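Each residue of the sequence shown is one higher than the last, beginning at 5 in the working numbering.
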Amino acid sequence: MFVKICGIRDPAALEAAVEGGAAAVGFVLTDSPRQVTADRAAQAMAMTPADVLTVAVLGRASVAHAAHLTEVCGARAVQLHGDHSRADFAAMRRPGLTLIRGTSAERATTLEAGAYGEDVLLLDAPRAGSGARWHLAVLRGRRPAGRWLLAGGLDANNVVDAIAAARPWGVDVSSGVESARGVKDPAQIRRFLEAVARAPSPA
Numbered sequence: 005m006f007v008k009i010c011g012i013r014d015p016a017a018l019e020a021a022v023e024g025g026a027a028a029v030g031f032v033l034t035d036s037p038r039q040v041t042a043d044r045a046a047q048a049m050a051m052t053p054a055d056v057l058t059v060a061v062l063g064r065a066s067v068a069h070a071a072h073l074t075e076v077c078g079a080r081a082v083q084l085h086g087d088h089s090r091a092d093f094a095a096m097r098r099p100g101l102t103l104i105r106g107t108s109a110e111r112a113t114t115l116e117a118g119a120y121g122e123d124v125l126l127l128d129a130p131r132a133g134s135g136a137r138w139h140l141a142v143l144r145g146r147r148p149a150g151r152w153l154l155a156g157g158l159d160a161n162n163v164v165d166a167i168a169a170a171r172p173w174g175v176d177v178s179s180g181v182e183s184a185r186g187v188k189d190p191a192q193i194r195r196f197l198e199a200v201a202r203a204p205s206p207a
C-alpha cells in the first residue's frame, strides 16, 4: 500500500520514513505548524532516495506561487489543497510531476481520482492537518474511484481498521506520528508504517 508521511521538517523524521518504507514524504510550504522554507525542503528532498516521492504540499496558494515553490525545492509531486479548478491542475502539469488534489469528502463534488486532471486524490478531514478524524460513513454508496489516499486522524492504533473500512489505494499521515503539534516522532513513524504493513490489502 502507498504510504505518505506528511509534514517532514527534520532529518530524523525523513530517515524514519524512508527506512520504514514510506512511498512518499511531504513538505508543507505554506502557513502551518509544519511549514518549512523552500530552501530547507530542497535540502531534504535532495537527500531523499529517488524511489521515494517528494511532495510539495500547498494550501491556499495561487497556481503561480505553487509552481514557483515546487520548482525551487525540486519536488517531484505537488499537493494542492483548497478549491482549485480543473484549469489550475492543467496549469500545474509538467512532465514528470505528479499532481495530488487534496480535499474533503464533504466538499468534493466528485470522488473520482483524475476528475480534475490530478494523478492522485487525497481525502482529508474538513480542516486539513488538524488531526481530526472524519466519519467514513460519508463514503457509503460513493466510494472513491482510482488512486486515492485516505487522510485525517490516522495513527498506528486505528489505521488498520480505517483501511478495512474505506479500502483506499493508500494512506497519508501527519499529526498521527507527532509527539507535539508539528514535531514528528521517528518511533511513531516507524510504528505507523509497521501497522500499515500488517493491514490486509483492499479488495
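Don't be surprised by glycine CBs; every beta carbon is placed ideally from N, CA and C. Owing to the predicted nature of the structure, the values given are computational and were not obtained by experimental measurement.
Supposed contact pair residue j and residue i - C-beta distance, whole angstroms, cut 8 Å
| i | j | result |
| --- | --- | --- |
| Leu62 | Gln47 | At roughly 18 Å, the Cβ-Cβ gap does not stay under 8 Å, so Leu62 and Gln47 are not in contact. |
| Leu127 | Leu154 | 6 Å |
| Lys188 | Asp14 | 7 Å |
| Val29 | Val59 | 7 Å |
Straight-line Cα distance separating residue j from residue i
| i | j | result |
| --- | --- | --- |
| Val40 | Gly11 | 9 Å |
| Gly24 | His88 | 33 Å |
| Ala50 | Ala79 | 9 Å |
| Phe93 | Leu103 | 7 Å |
Secondary structure of residue i, DSSP reduced to three states
| i | result |
| --- | --- |
| Ile104 | strand |
| His69 | helix |
| Thr74 | helix |
| Glu198 | helix |
| Ser205 | coil |
| Gly180 | helix |
| Asp55 | coil |
| Gly174 | strand |
| Ile12 | coil |
| Ala149 | strand |
| Leu154 | strand |
| Leu140 | helix |
| Val40 | coil |
- [ ] Please determine if the region 11 to 28 and the region 163 to 170 are in contact, where contact requires at least 3 C-beta pairs separated by less than 8 Å.
- [x] No, they do not touch.
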